[in-house]
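Novice:
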Amino acid sequence: MIRVLICDDQWIVCEGLEAILSAESDIDVVGLAQDGVEALAKIPQVNPDVVLMDLKMPVMNGVQATRKIKSLYPAVKVRILTTYGDDEWVFDAVRNGAAGYLLKGTPRAQLVAAVKGTAAGESFVDPKVAGRLLTHFAVQGAPEADSTLLDTLTEREREVLTLLAQGKSNAEIAKDLYLSPGTVRNYISAILTKLDVTDRTQAALLALRHGLG
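Counting from 13, one number per residue, gives the positions in the sequence shown under this note's numbering.
1) Just the C-alpha distance for ALA51 and ASP163, rounded to the nearest angstrom, thanks.
2) Assign GLY28 to one of three DSSP states: helix, strand, or coil.
3) Below 8 Å on the Cβ atoms is my contact criterion, and I expect ILE24 with MET65 to pass it. Report the Cβ-Cβ distance as a whole number of Å.
4) I'd like to check one pair, VAL75 with ASP47: are the Cβ atoms closer than 8 Å?
5) Are the beta-carbon atoms belonging to GLY109 and LYS82 less than 8 Å from one another?
6) Is ILE203 near LEU173, with beta carbons less than 8 Å apart?
7) Give the C-beta separation of VAL106 and TYR113 to the nearest angstrom, bearing in mind that I take them to be a contact with Cβ-Cβ under 8 Å.
8) Please report how far the alpha carbon of THR160 lies from the alpha carbon of LEU218, in whole angstroms.
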């Protein structure tokens, strides 16, 4: 069972997300919060696996809350879900440890898949903002990487990385390449090690910078 804490300053949004996610047999919405401070207070009480976090909130915004959560509770995964595609908010969310970024126009099925993927350790950035995110990090020089790192990958690892950079989940990559999900997880673990990055988002950005995806 995936335990989810929802944080959004609009109560109707919280309740709407709760209704969508609670309909899933393997998701349990364990709490609702209306700002980052309230979310931080509830985490030790409800022990979520995933925090679904809005960005622009009073008292403590989503970027600040993400930074605090990842500092105090590193095992808790934060998935950003917001109406805002503002570049700096996107960049800050990723820099501060967000496992991914979705806009609130995301279809229901993709939202559910994103929450499940986040719990499984997957990262995803909405395609509507991924291009600007890539451009920003390329200009800023982060994540730092040399194209020679890609040369250390096997042909199959490059195939997996290309699909990862397209935002596909482990299950989708497994289906496309006729592999088991466990084998895909092993490939991704090897890819992260070889590319010297800590998560899928950084690996995807590196791949996109060098023409994969």
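Don't be surprised by glycine CBs; every beta carbon is placed ideally from N, CA and C. Every value quoted in this text rests on a predicted model; they were computed, and no experiment measured them.
Specialist: Concretely, from the data shown:
1) For ALA51 and ASP163, the distance between alpha carbons rounds to 43 Å.
2) helix
3) Going by Cβ atoms, the distance from ILE24 to MET65 rounds to 17 Å, so no, they are not a contact pair.
4) Cβ distance not < 8 Å, so ASP47 and VAL75 don't count as in contact.
5) yes
6) In this structure, LEU173 lies closer than 8 Å to ILE203 by Cβ.
7) 7 Å
8) 12 Å
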